[in-house]
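Here the structure is laid out as structure tokens; the discussion comes afterwards.
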Ligand SMILES: [Zn+2]
């Protein structure tokens, strides 16, 4: 019994140790594996003279290991860079958002910042430390334009406070490193195709369980981080505002899907010409999206909505409970859009128009091909 216990503690400790290395080093965590393969190759070459038969028998194994490690190393070096499909917003474009970020972030002066605007109903924050952090951190926050349009200013403030908490609690670097490592490990199959090569096949078996475990750990870690960030954001905006933002994100997300995204998808199916684009629709439907009764219904439905098992976010009900609410709190509704306060007047018109134009171009091509 005691022995069993020991073994499981050791296993748990080793897991934590490996995970910590990956969190620290990101994709460079494959380097120890590559180094180990080099040592194996060196030993094998030295053994060649004295134990020729053994060396020859083990040759396929050693070659597979070395080839696998080289593929890993190549995958690491040629990791495809993340492509930006976002719009970078400077202080002139988004004065209100920058002011909000500066005000909420106590470490603002310490690192360089980039603010991106994309088309998701969401926000996120990421951090890159270049050259092992020697030149400081670079923090990038991405804010979704639909959120700026649909939410009001206090709700956006609470969301930004949540993102700032992620950065302050150092959630950002670890998660990005882990994601990077997973991407680098998967990248290996571009160079050692498991369908065609034996090395690839062996690697797939080895990496499969490692990646599965890592992804599980990654999800567990992200969910834990969400709850910590929610709690920490209450120190900046208060519990009431944090809970209100949670409810509004949930309910408005449902309303947006029902009133804008789902109809758009349906219209696309039978369309000859591209239907009206997303942001034009969002602006037109704002009053309906904000209508109090459906918002309340969507929030209540959110409490029991089936949770996706591989989501990086905890269920809505759990996040509310984390803030001390067993049910949907009474919140004030939305009557103004945050976009006018947070973006410059021109930008508030130009950015949605630009995203719509991009969308129209793609949709038109899609519709034409579909015919
Ligand atoms: Zn978060």
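Numbering (my numbering), first residue to last: 313 to 683.
Glycine included, every Cβ here is placed at the ideal spot set by N, Cα and C.
None of these values were measured; they are calculated from a predicted model.
inquiry  = Is residue 478 close to ligand 1? I mean its beta-carbon at under 7 Å from any heavy atom of the ligand.
reply    = Taking the chain shown and counting its residues from 1, one reaches residue 478 at position 166. Indeed, a heavy atom of ligand 1 lies less than 7 Å from the Cβ.
key: Backbone CA spacing between residue 586 and residue 475 [nearest angstrom]   = The residue labelled residue 586 in the question sits at position 274 within the chain shown. The residue labelled residue 475 in the question sits at position 163 within the chain shown. Going from the Cα of residue 586 to the Cα of residue 475 covers about 35 Å.
For residue 564, the nearest candidate out of 428, 499, 453 and 461 (CA to CA) = Counting from one through the chain shown, the residue named residue 564 turns up at place 252. Of 428, 499, 453 and 461, the residue nearest in Cα terms is 461.
inquiry  = What would DSSP say about residue 431, mapped onto helix, strand or coil?
reply    = One-based indexing of the chain shown puts residue 431 at position 119. In the three-state DSSP reduction, residue 431 falls in the coil class, being neither helix nor strand.
ask   = Across which residues does DSSP place residue 494 in a beta bridge pair?
value = Indexing the chain shown from 1 puts residue 494 at position 182. In DSSP, residue 494 forms no bridge with anything.
request  = Going by DSSP, name the residue or residues bridged to residue 399.
outcome  = Translated into the one-based positions of the chain shown, residue 399 becomes position 87. According to DSSP, residue 399 bridges with 429.
message = Using only CA atoms, which one of 449, 325, 374 and 381 lies nearest to residue 420?
response = For the purposes of this step, residue 420 is identified with residue 108 of the chain shown, where counting begins at 1. Comparing Cα positions, the closest option is 449.
request  = Note down, in chain order, each residue of its chain lying with its Cβ closer than 6 Å to the Cβ of residue 338, except the 5 sequence neighbours on either side.
outcome  = Residue numbering aside, residue 338 sits at position 26 when the chain shown is read from its first letter. Excluding positions up to five away in sequence, the list reads 489, 492 and 493.
query = What's the call for residue 547, buried or exposed, on a 16-neighbour Cβ count within 10 Å?
reply = Residue mapping note: residue 547 aligns to position 235 of the chain shown, counting from 1. The residue in question, residue 547, is exposed, as its Cβ has fewer than 16 Cβ neighbours within 10 Å.
request  = Can you have a look at residue 511 and say buried or exposed, based on whether 16 or more other CB atoms are within 10 angstroms of its CB?
outcome  = Residue numbering aside, residue 511 sits at position 199 when the chain shown is read from its first letter. Counting Cβ neighbours within 10 Å, residue 511 comes out buried, since at least 16 surround it.
task = Give every residue of the same chain whose Cβ lies closer than 6 Å to the Cβ of residue 408, excluding the five residues on either side of it in the sequence, and list them in chain order.
result = Translated into the one-based positions of the chain shown, residue 408 becomes position 96. 653 and 654, listed in sequence order.
key: Helix, strand or coil at residue 484 [DSSP, three-state]   = For the purposes of this step, residue 484 is taken as the residue at position 172 of the chain shown. Three-state result, residue 484: helix.
inquiry  = Please report the straight-line C-alpha distance between residue 615 and residue 634, rounded to a whole angstrom.
reply    = In the chain shown, the residue the question calls residue 615 occupies position 303. In the chain shown, the residue the question calls residue 634 occupies position 322. Those two C-alpha atoms are separated by around 13 Å.
key: Residue range of the unbroken beta strand (DSSP E) whose run includes residue 451   = Here the question's residue 451 lines up with position 139 in the chain shown. That run of the beta strand (DSSP E) goes 449-456.
query = What span of residues does the alpha helix (DSSP H) with residue 569 cover, start to end?
reply = Reading the chain shown from its first residue, position 257 is the one you call residue 569. First-last for residue 569: undefined, no H or E at that position.
query = When you compare each of 607, 608, 466 and 644 to residue 412 by their alpha carbons, which one comes out closest?
reply = Reading the chain shown from its first residue, position 100 is the one you call residue 412. Closest option to residue 412, Cα to Cα, is 466.
message = Please report the distance separating the alpha-carbon of residue 497 from that of residue 342.
response = Here residue 497 refers to the residue found at position 185 of the chain shown. Here residue 342 refers to the residue found at position 30 of the chain shown. Those two C-alpha atoms are separated by around 8 Å.
request  = Evaluate the contact criterion for the segment 426-433 versus the segment 609-625: three or more CB pairs, one atom per stretch, below 8 Å.
outcome  = no
message = To the nearest angstrom, how far is the alpha carbon of residue 352 from that of residue 371?
response = On the chain shown, position 40 is the one that residue 352 refers to. On the chain shown, position 59 is the one that residue 371 refers to. Residue 352 and residue 371: Cα-Cα distance of roughly 11 Å.
message = Quick check on residue 437: does DSSP put it in helix, strand or coil?
response = Within the chain shown, numbered from 1, the residue matching residue 437 stands at position 125. Of the three classes helix, strand and coil, the one that applies to residue 437 here is strand, per DSSP.
ask   = First and last residue of the alpha helix (DSSP H) that includes residue 581?
value = Position 269 of the chain shown, counted from the start, is the residue given in the question as residue 581. Looking at the DSSP string, the run of the alpha helix (DSSP H) that includes residue 581 is 574-581.
request  = Use the C-beta contact count for residue 582: other C-beta atoms within 10 angstroms, 16 or more gives buried, fewer gives exposed.
outcome  = Position 270 of the chain shown, counting from 1, holds the residue named residue 582. Exposed: under 16 other Cβ atoms inside 10 Å.
key: Helix, strand or coil at residue 617 according to DSSP, with G and I counted as helix   = Translated into the one-based positions of the chain shown, residue 617 becomes position 305. In this structure, residue 617 counts as coil in the three-state DSSP scheme.
Closest residue to residue 558 among 576, 573 and 539 (Cα-Cα distance) = Along the chain shown, read from residue 1 onward, the residue named residue 558 stands at position 246. Of 576, 573 and 539, the residue nearest in Cα terms is 539.
message = Once DSSP output is grouped into helix, strand and coil, what is the label at residue 657?
response = Position 345 of the chain shown holds residue 657. Residue 657: helix per DSSP, three-state reduction.
query = Does ligand 1 have even one heavy atom less than 7 Å from the beta-carbon of residue 474?
reply = Here the question's residue 474 lines up with position 162 in the chain shown. Checking every heavy atom of ligand 1 against the Cβ of residue 474, one is found closer than 7 Å.
Rounded C-alpha distance that separates residue 651 from residue 555 = Your numbering for residue 651 matches position 339 in the chain shown. Your numbering for residue 555 matches position 243 in the chain shown. One C-alpha to the other measures close to 21 Å.
query = From residue 541 to residue 516, what does the alpha carbon distance come to, in whole angstroms?
reply = As a working mapping, residue 541 is identified with position 229 in the chain shown. As a working mapping, residue 516 is identified with position 204 in the chain shown. Their backbone Cα atoms lie some 36 Å apart in a straight line.
key: Beta carbon of residue 607 nearer than 8 Å to that of residue 571   = Your numbering for residue 607 matches position 295 in the chain shown. Your numbering for residue 571 matches position 259 in the chain shown. Taking 8 Å as the Cβ cut-off, residue 607 and residue 571 do not qualify as a contacting pair.
ask   = Taking only runs of the alpha helix (DSSP H) that begin and end inside the segment 582-637, which ones reach a length of at least 4 residues, in chain order?
value = 590-602, 604-616 and 628-634
query = Can you check whether the CB of residue 330 is closer than 8 Å to the CB of residue 385?
reply = Translated into positions along the chain shown, residue 385 becomes position 73. Translated into positions along the chain shown, residue 330 becomes position 18. No; because the gap between Cβ atoms is not below 8 Å, this pair is not in contact.
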